[in-house]
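**Q** Let me give you the structure first, and then I'll get to my questions.
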Amino acid sequence: MNIKNIIYPYRINIGVFFIFLFMAYIVYGHGINLINFAIAPGDGLISGVPQKIFNSSWSLWNPYMQGGTSAIKDIGFQQLYPPSFLLMKIIPRVFGYNIYILLHYGCAGFFMFLFLRKMRLEIFAALAGGIIYMMCGFIAGHKGHHAMPTSAVWI
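For the sequence shown, position 32 matches number 206 in the working numbering, and the numbering has no gaps at all.
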């Protein structure tokens, strides 16, 4: 089997996925030093980044939150969420957290695009629907509460 034959039917979807990732960066991350500053200041720095750093280990005790707390009691820690674990293992600290947030914003728009295409909308209508969902108030307003937008992506 040739790799070209596998990718060719999905070339539009692959291109649209990268368009959504680029748009997520332009809308939510442009003008911010992504390596040193969190996209979501406030709650993102107080709870988001320490939780993600903690998620790169398999410990059930989080020493970074509230003077030490159990990770089992709160699903917001996302201890067993594979994208969180993998991204923070590969790209640690604030930059990994920013990539994590931007990836989920891009995926929100892309998954809505795929859903609308499945509902037999034209490409441009589905693209517009994905853009609108990616920038909706719920997802944009909860940047610091990272568990909420990541859940909205999968809904």
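For every residue, glycine included, the Cβ atom is placed at its ideal position computed from N, Cα and C.
Going by DSSP, name the residue or residues bridged to W235.
**A** Paired residue(s): S244.
**Q** Grouping DSSP H, G and I as helix and E and B as strand, with all else coil, what is A326?
**A** Helix.
**Q** Between G311 and M286, is the Cβ-Cβ spacing less than 7 Å?
**A** It is not a contact, given that the beta carbons lie outside the stated cut-off.
**Q** Could you compute how far the alpha carbon of M197 sits from the alpha carbon of G280?
**A** Each residue's Cα considered, the two are about 7 Å apart.
**Q** Can you grab the Cα-Cα spacing for the pair I188 / I200, in whole Å?
**A** Roughly 19 Å separates the two Cα atoms.
**Q** Which runs of the beta strand (DSSP E) spanning at least 3 residues fall entirely within the stretch 247-272, listed in chain order?
**A** The stretch 247-272 contains no whole beta strand (DSSP E) run of 3 or more residues.
**Q** Nearest CA to the CA of Y255: which residue from I297, N179, S231 and I306?
**A** Closest by alpha carbon: S231.
**Q** Below 8 Å on the Cβ atoms is my contact criterion, and I expect Y202 with L276 to pass it. Report the Cβ-Cβ distance as a whole number of Å.
**A** About 6 Å separates the two Cβ atoms, so the contact holds.
**Q** Could you pull out every residue in the same chain whose Cβ sits closer than 6 Å to the Cβ of A300, ignoring the five residues on either side in sequence?
**A** Taken in chain order, the residues that qualify are F287, L290 and R291.
**Q** Taking the alpha-carbon positions, what's the G241 to L261 distance?
**A** So the alpha carbons of these two residues sit roughly 25 Å apart.
**Q** Identify the continuous alpha helix (DSSP H) that holds N210 and give its terminal residues.
**A** It is not in any alpha helix (DSSP H) - N210 carries neither H nor E in the DSSP assignment.
**Q** When DSSP labels each residue in this structure, what does N176 get in the three-state scheme?
**A** Here N176 sits in coil by DSSP.
**Q** Kindly list the residues whose CB is nearer than 8 Å to the CB of N236, restricted to its own chain and excluding five residues on each side of it in sequence; keep chain order.
**A** Taken in chain order, the residues that qualify are P224, Q225, F228, G242, T243, S244, A245 and F251.
**Q** Taking the alpha-carbon of N210 as reference, which of G283, N272 and F298 has the nearest alpha-carbon?
**A** Looking at the Cα atoms, N272 is the closest of the given residues.
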